[in-house]
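Taking the UniProt record's numbering as reference, the numbering of the sequence shown is continuous, increasing by one, and the terminal residue is 93.
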Amino acid sequence: MMAMKRGVESAGRKAASSRWLEGLARGGFVACGVNYVLIGLLAVQIALGIGGEAADAAGALHAVAAHPGGFVLLWLVAVGFAGLALWRLAEVV
């Protein structure tokens, strides 16, 4: 049982320190930043009375989806979030 535990720990450390997973994690942090910027822009628009939906993550994503090319950006953000989740999972293991 202990050998299996050591093998899992070793695999987790190896995965957490791999370059491709680190790149995915960085993409995830960028996706988080993009999400926060979008929420901030929506909040400013609402405060100025320009319009917009709710100033939350869902409202930000709806605003992005309404623009041309927004679908591609949403997919990139989703991949970034998935990469960040994989990196965090590898860190836990």
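Where a beta carbon is used, it is the ideal one built from N, C-alpha and C, also for glycine.
Please read all numbers here as calculations on a predicted model, not as lab measurements.
Hey, how far is the Cα of residue 14 from the Cα of residue 32? Stepping through the sequence shown from its first residue, residue 14 is reached at position 14. Stepping through the sequence shown from its first residue, residue 32 is reached at position 32. Roughly 25 Å between the two C-alpha positions.
Can you tell which of 21, 10, 26, 35 has the C-alpha that lies nearest to the C-alpha of residue 65? Locating residue 65 in the sequence shown gives position 65, where the first residue counts as 1. Nearest C-alpha to residue 65: 35.
Beta-carbon spacing of residue 42, residue 59 below 7 Å: In the sequence shown, residue 42 corresponds to position 42, counting from 1. In the sequence shown, residue 59 corresponds to position 59, counting from 1. Cβ atoms of residue 42 and residue 59: closer than 7 Å.
Residue 93: first and last residue of the uninterrupted alpha helix (DSSP H) it sits in: Here residue 93 is taken as the residue at index 93 of the sequence shown, counted from 1. No alpha helix (DSSP H) contains residue 93, which DSSP labels as neither H nor E.
Using the beta-carbon count (16 or more within 10 Å), is residue 75 buried or exposed? Looking up residue 75 in the sequence shown gives position 75. Exposed: under 16 other Cβ atoms inside 10 Å.
Contacts around residue 50, its chain only, beta-carbon distance under 7 Å, and the 5 residues preceding and following it disregarded: Residue 50 sits at position 50 when you count from the first residue of the sequence shown. The answer is none, since no qualifying residue turns up.
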